[in-house]
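Line by line, the protein sequences give chains Y and H. With full-length UniProt numbering, the residue at position 60 of the first sequence is 60, and numbering never jumps. With full-length UniProt numbering, the residue at position 89 of the second sequence is 89, and numbering never jumps. I have placed the structure first, in the form of structure tokens, so that the comments after it can refer back to it.
There are 2 protein chains.
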Amino acid sequence: MENSRETNLRETNLRETDPREILGPIAYIYRTHLAYMVKELEAYRVGSGQFEFLLLLYYKDGVSQETLAKELKVSKATSARAIQSLEEEGYVYRERDETDLRAYRVYLTDKGKEMRDIIFKKLTAFTDILFSGFTFEEKEIFRLLIHKAAIKLFEPGVEPPSDRSDD
Amino acid sequence: MENSRETNLRETNLRETDPREILGPIAYIYRTHLAYMVKELEAYRVGSGQFEFLLLLYYKDGVSQETLAKELKVSKATSARAIQSLEEEGYVYRERDETDLRAYRVYLTDKGKEMRDIIFKKLTAFTDILFSGFTFEEKEIFRLLIHKAAIKLFEPGVEPPSDRSDD
DNA sequence: TGAAAATCGTTGCAAATGGAACTGACCCGA
DNA sequence: TCGGGTCAGTTCCATTTGCAACGATTTTCA
């Protein structure tokens with residue numbers, strides 16, 4: 001909002017984007033995606049919230065439960081229980097952080113690493129449906145824009161917009 | 001989309017889009033959005049899953065619980081309980097469908113209609129954060145693309161991709 | 001027409017989730 | 001160094017959710 005290029009456009013903000021047209025599809029895709037993965041990974045005893053932790057570990061191995069919670073935007077209680085389940089199923093193991101005895105470091109087991117291709121195959125099958133009819137450019141634009149949007153939420157405390165003086 | 005301009009490009013589908021880069025941000029935005037709305041609507045005793053039903057009723061008043069469930073991609077049990085809560089709080093009321101005595105028709109009360117501006121204000125505040133730094137064109141492109149993606153999931157039965165012969 | 005199948009809604013049950021309280025460990029400043 | 005504040009993790013409790021079974025109604029079709 002601090003650059004002035006946009007404000008020079010003659011029809012910049014005449015029409016405000018309807019928030020339902022953004023958040024509705026996001027919720028719909030999220031729920032469909034979740035139900036899809038639950039069903040696909042049921043045979044591996046990987047529950048609804050758990051595969052996202054595996055996905056995160058695939059490129060950030062050895063992080064703490066709290067880090068996982070923050071990156072996935074779930075409570076640390078949920079993170080603890082998901083890791084516990086994954087540990088019981090043999091997908092991850094935990095070691096105490098030697099430099100911080102409060103924290104664990106969560107690592108993938110061989111079994112956990114073997115799930116990578118399986119999970120990715122399921123995810124790709126889903127995004128193939130999602131993106132059927134998209135050109136490659138459209139996929140890239142979408143990827144860039146949704147990333148650009150999501151990182152706006154990443155700082156803690158974006159959510160409380162103001163004092164609730166509007167009611 | 002069916003034009004062949006893209007297939008002439010030399011590097012069309014060489015790189016497959018990483019599904020995590022799509023579904024990760026979607027889950028993150030969804031959870032942040034949900035937590036945000038729960039907190040903002042707590043004072044009105046509108047729970048986490050309930051405001052989405054109100055949003056749907058704002059442009060589809062008088063539909064059945066099952067229709068609401070399908071449009072929001074939740075179970076009909078969840079839909080029934082959400083409507084029950086909204087009814088107890090005085091936001092909606094139900095009438096039996098005269099032509100189908102199994103079904104209800106869910107209508108907004110005056111109190112429910114009054115919530116519209118409040119909910120929209122909260123939603124807009126959230127999308128303002130989400131879209132801060134977006135040009136108007138980017139917002140529109142994003143809106144179009146996410147809608148285009150979501151409707152791919154709308155047909156029942158898209159999720160089961162095939163027989164599970166991959167494990 | 002009449003029985004089987006499908007549809008709408010409800011409820012019991014199990015799983016997932018967040019908030020808050022709690023324990024143990026770390027950190028910072030007087 | 002020691003005491004309060006912070007942080008990682010766990011657990012209790014309440015809420016939310018989906019699935020499956022069920023009752024009541026409607027639809028289908030032979």
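Even for Gly, the Cβ is constructed at its ideal location relative to N, Cα and C. In this text, all values refer to a predicted model and were calculated from it rather than measured experimentally.
query, result
"CB contact below 7 angstroms: residue 165 (chain Y) versus chain H", "Caution is warranted here: a pLDDT of 39 is assigned to residue 165 (chain Y), below 50, making its placement in the model unreliable, and the coordinate value is therefore given only provisionally. No - not a single Cβ of chain H is within 7 angstroms of the one on residue 165 (chain Y)."
"Residue 58 (chain H) - DSSP class collapsed to helix/strand/coil", "coil"
"Through-space distance from residue 60 (chain Y) to residue 186 (chain Y), alpha-carbon basis", "Since the first residue shown for chain Y is 1 and the last is 167, residue 186 (chain Y) is missing from the structure and cannot be characterised."
"Simplified DSSP assignment, three categories, for residue 91 (chain Y)", "coil"
"Any chain H beta carbon closer than 7 angstroms to residue 21 (chain Y)", "yes"
"Within 9 angstroms of chain Y by C-beta, residues of the stretch 117-129 of chain H in sequence order", "118, 120, 121, 122, 123, 124, 125, 126, 127, 128, 129"
"Beta-carbon spacing of residue 29 (chain H), residue 150 (chain Y) below 7 angstroms", "yes"
"Cutoff 7 angstroms: residue 199 (chain H) Cβ touching any chain Y Cβ", "The structure shown does not extend to residue 199 (chain H), since chain H is modelled only from 1 to 167, so the question has no answer here."
"Cβ pair count under 8 angstroms reaching 3, the stretch 125-132 of chain Y against the stretch 64-72 of chain Y", "no"
"Residue(s) in a DSSP beta bridge with residue 108 (chain Y)", "Y:92"
"Sub-7 angstroms separation of residue 122 (chain Y) and residue 16 (chain Y) beta-carbons", "no"
"Start-to-end residues for the alpha helix (DSSP H) that takes in residue 74 (chain Y)", "It is not in any alpha helix (DSSP H) - residue 74 (chain Y) carries neither H nor E in the DSSP assignment."
"Chain H within 7 angstroms of residue 80 (chain Y), Cβ atoms only", "no"
"With 16 other Cβ atoms within 10 Å as the buried cut-off, status of residue 90 (chain H)", "exposed"
"Residue 140 (chain H) burial status per 10 Å Cβ neighbour count (16 or more: buried)", "exposed"
"For residue 171 (chain Y), the first and last residue of its enclosing alpha helix (DSSP H)", "Any property of residue 171 (chain Y) remains undetermined from this structure, which presents chain Y solely from 1 to 167."
"Minimum C-alpha distance to residue 50 (chain Y) - residue among Y:109, Y:153, Y:72", "Y:72"
"Proximal residues to residue 62 (chain H) (C-beta, below 6 angstroms), its chain only, five neighbours per side dropped", "105, 107"
"Top-ranked residue by Cα proximity to residue 114 (chain Y), from Y:100, Y:92, Y:99, Y:35", "Y:92"
"Option in Y:100, Y:24, Y:87, Y:153 with minimal Cα separation from residue 186 (chain Y)", "Residue 186 (chain Y) falls outside the range modelled here, since chain Y spans only 1 to 167, and no answer is possible."
"Cutoff 7 angstroms: residue 70 (chain Y) Cβ touching any chain H Cβ", "no"
"For residue 155 (chain Y) and residue 100 (chain Y), the rounded distance between their alpha carbons", "24 angstroms"
"Neighbour flag for residue 48 (chain H) against chain Y, beta carbons, 7 angstroms", "no"
"Within-7 angstroms CB hit, residue 113 (chain Y) to chain H", "no"
"Exposure of residue 79 (chain Y), with buried meaning 16 or more beta-carbon neighbours within 10 Å", "buried"
"Contact under 7 angstroms by Cβ, residue 124 (chain H) with residue 25 (chain Y)", "no"
"Proximity test, Cβ basis, 7 angstroms: residue 51 (chain H) and chain Y", "no"
"N- and C-terminal bounds of the alpha helix (DSSP H) containing residue 137 (chain H)", "136-150"
"Within 7 angstroms, strictly: CB atoms of residue 58 (chain H) and residue 116 (chain H)", "yes"
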